[in-house]
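Chemist: Everything in the sequence shown is counted per numbering that gives the first Met the number 0, starting at 0 for the first residue and increasing by one.
Just dropping this structure here.
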Amino acid sequence: MLRFNQGRYIPHGSKLLTAFDAVSEGTSSQNIAQVLDAYGKITFVLLGEFQDIPPTATKTITLVGAVHGNPIAGSAEDLSDFGYAWFRLFGLGRKEGWFTGHPYEVIPGWLNGVQTGLQNLKAGKGGEEQVA
Numbered sequence: 000m001l002r003f004n005q006g007r008y009i010p011h012g013s014k015l016l017t018a019f020d021a022v023s024e025g026t027s028s029q030n031i032a033q034v035l036d037a038y039g040k041i042t043f044v045l046l047g048e049f050q051d052i053p054p055t056a057t058k059t060i061t062l063v064g065a066v067h068g069n070p071i072a073g074s075a076e077d078l079s080d081f082g083y084a085w086f087r088l089f090g091l092g093r094k095e096g097w098f099t100g101h102p103y104e105v106i107p108g109w110l111n112g113v114q115t116g117l118q119n120l121k122a123g124k125g126g127e128e129q130v131a
């Protein structure tokens, strides 16, 4: 079995036919290329070459404006239907608790709290995002 996406598995011999690369930089395309079917489909959120993805796979770019019905920056597609479906799924996940935000800690003092937050990060205290 291949480990993939926080404990979800793709059994040996199974194919990942579609992928949404919400990072689209660093090694994200390399990681997806390890499990994406050679004729699969993948969409990215940033422009790039993504040479790790097989040339036989279908590559698209999904930009924020396109999911709101306003294609921009080289994306000629109107992806408002995709945006509608995604945000419904997003809302359901929030409601049912299986899609949660990143934990954070609010540090009092607004800008005066920035130093405390930076000191906490340097000291390795807390895995949460520090917000002043």
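Backbone N, C-alpha and C fix where the C-beta goes; we use that ideal spot for every residue, glycine too.
Note that the coordinates shown come from a computational prediction; the quantities given were computed from them, not determined experimentally.
1. For residue 53, which of 115, 16, 110, 116 has the nearest alpha-carbon?
2. If contacts are defined as beta-carbon pairs under 8 Å, then residue 56 and residue 82 qualify, I think. What distance do you get, rounded to the angstrom?
3. Helix, strand or coil for residue 31, going by three-state DSSP, please let me know.
4. Contact between the stretch 44-52 and the stretch 16-26: three or more CB pairs below 8 Å?
5. Check each candidate in 96, 92, 117 and name the one with the smallest Cα separation from residue 105.
6. How would you call residue 111, buried or exposed, if buried means at least 16 neighbouring beta carbons within 10 angstroms?
Modeler: Result, derived from the coordinates:
1. Walking along the sequence shown from the start, residue 53 turns up at place 54. Comparing Cα positions, the closest option is 16.
2. By 1-based counting over the sequence shown, the position of residue 56 is 57. By 1-based counting over the sequence shown, the position of residue 82 is 83. So it is not a contact: roughly 23 Å between Cβ atoms.
3. Against the sequence shown, residue 31 aligns to sequence position 32. Looking at residue 31 - three-state DSSP - the assignment turns out to be helix.
4. yes
5. Here the question's residue 105 lines up with position 106 in the sequence shown. When only C-alpha atoms are compared, the closest one is 117.
6. For the purposes of this step, residue 111 is taken as the residue at position 112 of the sequence shown. By the neighbour-count rule (16 or more Cβ atoms within 10 Å), residue 111 is not buried but exposed.
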